[in-house]
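Worksheet for the structure shown next.
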Amino acid sequence: APSRLDMTAIPAHVFNESPASTPTATTPKVKGPPMKVIEDFSSIEYPPEFLAPKARDPVTGKISYDSAFLKQFQVLCLDTDEDLSAFQSIGGDDSQGGHDNRRGSNR
Amino acid sequence: DNTVKTVFHDPKNYNVKHPLQNTWTLWFDNPGKKANAASWSQNLKEIVDVNTVEDFWGVHNNIVKVNHLEISSNYHVFKKGIRPEWEDAANANGGKFSIQFPRNRTGESINDYWLNLILAMLGEQFQYEDEICGAVVSVRKVFYRVALWIKSSEKNEKIETIGRQLKEFLNLNTSLTVEFTPHGDSAAKTSENRFTI
């Protein structure tokens, strides 16, 4: 039977889903004009399968949302037009692609 | 088509967002090995401002999760205009609630603790929300630490309520304690202004 391949010489970053591309290779994000925000929450009819926000306090006018309402956005708002390229190399696991000794041993 | 569409009506082509009460700034720093005061300030990077729920999630879904950050790095989410430093006027007389989570027993749950804290802040769930300056998550060799920075540091009903709410919003195991420390007080181990909840 074939034995397991010895892959110890291959740096860990090779196995990562996202290639360690350089930030300069990506197109800069272009931000459009800011979208309108809801002024009058009572004018919005939320689809029945979603929780509606309590939103604005009638006395103080302050806007608040509980966590259950906010968590509904998690699967809906997947993209951003913000430039996060400064962030691309901060992951401890998949930045740099170096050969330090921690790699492999603690996976 | 002039109908108002939220992300719940049309996730691709919505035309109105949910405003937050405050604008929040996300900061990041990783002082690495040369952790002196000067390098810390230089390494502190202002990443992005968010003032809607949609924008917050767009950013959150596209940045490195806390459990994948390098050791010694920190995320800071603060009200716009407040720098995540003791020296900032809003923090000068303040302090922080902090909770340490052992890394080996916490793992990916740190992402949820951090998220729950940010959501409580951005959603203005704290009873004395004017007291809130921001929150920090720190990645260290053997622990994660989550901290909530507030404007004042005198032990009173307001602050104790914030501490209790913090525990509640994070869904903390009751055995974990939340410690309050006035800023600039970390060397004075016997300070009378420290307390736990």
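Residue numbers (our numbering), protein chains in the order written: chain B, 391 to 497; chain U, 105 to 301.
Cβ atoms here follow ideal geometry from the backbone N, Cα and C, with glycine treated the same way.
Remember, it's a predicted structure, so these values are computed and weren't measured experimentally.
In this structure, DSSP gives U/Ala239 an extended state, which the three-state scheme calls strand. The straight-line gap separating the alpha-carbon atoms of U/Val240 and U/Thr129 is approximately 12 Å. Within the segment 156 to 203 of chain U, the runs of beta strand (DSSP E) at least 3 residues long that lie entirely inside it are, in chain order, 178 to 183.
By the criterion of a C-beta distance shorter than 8 Å, U/Ile254 is surrounded in its chain by Gly198, Gly199, Lys200, Phe201, Glu235, Ile236, Cys237, Ile263 and Ile266, once the five residues flanking it on both sides are discounted. When the Cα atoms are used, B/Ser433 and U/Trp131 turn out to be separated by approximately 35 Å. The beta carbon of U/Gly162 sits closer than 7 Å to some beta carbon of chain B. Taking C-beta atoms as the reference points, U/Val157 and B/Phe463 count as a pair closer than 7 Å. For U/Thr129, the enclosing beta strand (DSSP E) begins and ends at Pro123 to Asp133.
Taken in chain order, the members of the segment 223 to 236 of chain U whose beta-carbon sits within less than 9 Å of a beta-carbon on chain B are Leu223, Ala224, Leu226, Gly227, Glu228, Gln229 and Glu233. Nearest CB-CB separation between B/Pro437 and chain U: below the 7 Å threshold. Interface residue (Cβ-Cβ distance to chain B less than 7 Å): U/Gln125 is classified as such.
B/Thr470 belongs to the set of residues whose beta carbon lies under 7 Å from a beta carbon in chain U. B/Pro424 and U/Asn208 have their C-alpha atoms some 42 Å from each other.
In this structure, U/Leu124 is the residue among U/Lys184, U/Leu124 and U/Tyr248 with its C-alpha nearest to the C-alpha of U/Gly227.
Between B/Ser457 and U/Leu223, the C-beta spacing is below 7 Å.
Listed along chain B is no residue with a C-beta nearer than 7 Å to that of U/Thr107; the closest approach is about 11 Å. The DSSP-derived three-state label of U/Ile214 is helix. Between the alpha carbons of U/Ser177 and U/Thr107 lies a gap of roughly 44 Å. For U/Glu283, the enclosing beta strand (DSSP E) covers residues Glu283 to Pro286. Note that the C-beta distance between U/Phe160 and U/Val154 is below 7 Å. Within the DSSP secondary-structure output, B/Ser454 pairs in a beta bridge with B/Ala445.
A buried status is given to U/Asn195, since no fewer than 16 other beta-carbon atoms sit within 10 Å of its beta-carbon. In this structure, the straight-line span from the alpha carbon of B/Glu429 to that of B/Gly451 is close to 11 Å. Contacts between U/Val111 and chain B, judged by CB atoms closer than 8 Å, involve Phe463, Leu466 and Cys467 in chain order. Residue-level contact by beta carbon holds for B/Ser457 and chain U, with a gap shorter than 7 Å. DSSP places U/Asp234 in the helix class (H, G or I) of the three-state scheme.
Around U/Asn119, the beta-carbon contacts reaching into chain B at under 8 Å are Met425 and Lys426. Assignment of U/Thr265 by DSSP, reduced to helix, strand and coil, places it in the helix class.
Using a Cβ-Cβ cut-off of 7 Å, B/Ser432 is close to nothing in chain U; its nearest Cβ partner there is about 12 Å away.
Annotation: Cβ neighbours of B/Lys452 in chain U (cutoff 9 Å, chain order): Gln125, Glu228 and Glu233. With 16 or more other CB atoms across the displayed protein chains lying within 10 angstroms of its CB, U/Ala251 is buried. Along the segment 260 to 276 of chain U, going in chain order, the ones with a CB nearer than 8 Å to a CB of chain B are Phe273.
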